[in-house]
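First residue of the sequence shown: 6, per the numbering used here; consecutive thereafter.
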Amino acid sequence: MNIAVFDSGVGGMTVLHHIRKLLPNENFLFYADTAHLPYGEKPKNELKKYIFEAVDFLVAHEIKALVIACNTATSAAIEDLRKSYSIPIIGIEPAVKPAVIETEPEKKKVLVMATRTTLKEEKYHRLVEQIDKHDIVDPLPMPQLVELAEAFDFEPNHVIPYLKEQLKPFDLTQYGTVVLGCTHFPIFKDIIEQIFPKGTHVIDGGFGTAMNLKRILERLHQTGGGSGKITFYKSGVRVDDQETLAHYAQLLKKLDDMLR
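Right, here's the structure in full:
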């Protein structure tokens with residue numbers, strides 16, 4: 006049986022990268038709901054409709070676990086999904102807790118880059134309220150990074166001007182940790198690290214999500230049985246065209262080289 010990885014677009018491949026490293030003997034279905042991009046700018050009820058349509062499709066393919074590799078989708082629907090399906094469903098959330106724990110002793114702040122929907126959701130605000138006792142967490146929506154990732158545009162000349170414009174109001178020397186709270190954003194981790202002062206930690210929740218999946222499957226004795234094969238879908242349609250598959254292969258190689 007396959008492990009399904011779901012996202013609004015290619016961002017979920019940053020999580021798939023970590024899962025493949027930890028669980029190489031699995032087969033995967035990767036579902037990108039590109040027909041309804043961008044998730045981060047849509048109302049919650051609309052998002053839940055799209056998410057449930059996608060999950061219905063994936064469950065019909067006899068998957069053994071589902072990873073919601075999208076912070077926005079996790080915020081909008083994870084609790085309802087777990088009530089509706091019997092398979093393990095693993096979500097992702099911005100890595101605010103480890104960021105605050107790591108940064109507080111340094112007397113610095115935490116910057117959370119995410120989509121507008123993630124930053125508005127009650128789930129995110131509860132998370133910050135629980136851990137941010139000294140008011141060191143600042144939010145920053147970065148929607149254009151999603152657009153750049155979906156266009157497979159990783160050129161620093163296009164990414165850096167946008168980052169600098171969005172970061173103008175911030176004194177970057179105040180921040181000890183940057184949280185990449187959208188799974189599209191680790192694609193640009195190397196560029197983001199160039200913008201911030203040396204020694205700034207840049208983290209995301211992808212590895213933790215992959216570890217959580219591994220623990221659950223091991224506890225259920227459901228690991229293995231695959232060869233690492235990935236079957237790609239875009240909003241319910243299997244991806245077979247060679248140009249798109251080449252783009253996916255290029256992105257996975259970039260992540261292998263960068264996110265070791």
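Built from N, CA and C at the ideal position, the CB exists for glycine as well.
Given a threshold of 16 other Cβ atoms within 10 Å of its Cβ, counted over all protein chains shown, does Thr-178 qualify as buried or as exposed?
By one-based count along the sequence shown, residue 178 stands at place 173. So Thr-178 ends up on the exposed side.
Identity of the residue in Phe-175, Asp-209, Phe-190 nearest Asp-158 by Cα
Position 153 of the sequence shown, counted from the start, is the residue given in the question as residue 158. The shortest C-alpha separation from Asp-158 is found at Phe-190.
Using the Cα positions of Phe-175 and Ala-154, report the straight-line distance between them to the nearest angstrom.
Looking up residue 175 in the sequence shown gives position 170. Looking up residue 154 in the sequence shown gives position 149. Each residue's Cα considered, the two are about 24 Å apart.
Alpha helix (DSSP H) runs wholly inside the segment 37 to 80, at least 4 long, in chain order:
Within the segment 37 to 80, the complete alpha helix (DSSP H) runs of at least 4 residues are 49 to 64.
Beta carbon of Thr-182, beta carbon of Glu-134: below 8 Å?
The sequence position of residue 182 within the sequence shown is 177, counting from 1. The sequence position of residue 134 within the sequence shown is 129, counting from 1. No. Outside cutoff.
If we ignore side chains and look at the alpha-carbon of each, how far apart do Val-164 and Leu-116 end up?
Position 159 of the sequence shown, counted from the first residue, corresponds to residue 164. Position 111 of the sequence shown, counted from the first residue, corresponds to residue 116. Straight-line Cα distance between these residues: approximately 18 Å.
Residue nearest to Pro-202 in terms of C-alpha spacing, selected from Gly-231, Glu-31, Leu-172
Here residue 202 is taken as the residue at index 197 of the sequence shown, counted from 1. Selected option, being the one with the closest Cα: Leu-172.
Out of Phe-33, Met-263, Ser-13, Gly-14, which has the shortest C-alpha to C-alpha gap to Thr-228?
As a working mapping, residue 228 is identified with position 223 in the sequence shown. It is Phe-33 whose Cα lies nearest to the Cα of Thr-228.
Straight-line CA distance for Val-207 to His-66?
Translated into the one-based positions of the sequence shown, residue 207 becomes position 202. Translated into the one-based positions of the sequence shown, residue 66 becomes position 61. Taking the straight line from one Cα to the other gives about 36 Å.
From the DSSP output, in three-state form, read off Val-244 for me.
Numbered from its first residue, the sequence shown carries residue 244 at position 239. Coil, per DSSP.
DSSP puts Asp-4 in a beta bridge; with which residues?
Past the boundaries of the shown model lies residue 4; the chain is included only from 6 to 265, so the question cannot be answered.
What number of angstroms, rounded off, separates the C-alpha of Lys-49 from the C-alpha of Ala-81?
Indexing the sequence shown from 1 puts residue 49 at position 44. Indexing the sequence shown from 1 puts residue 81 at position 76. If I take the Cα positions, the gap works out to 6 Å.
Beta-carbon within less than 8 Å of Lys-259's beta-carbon, same chain only, minus the 5 sequence neighbours each way: which residues are those?
The residue given as residue 259 occupies position 254 in the sequence shown. Cβ neighbours of Lys-259 beyond the five flanking positions: Phe-159, Ile-192.
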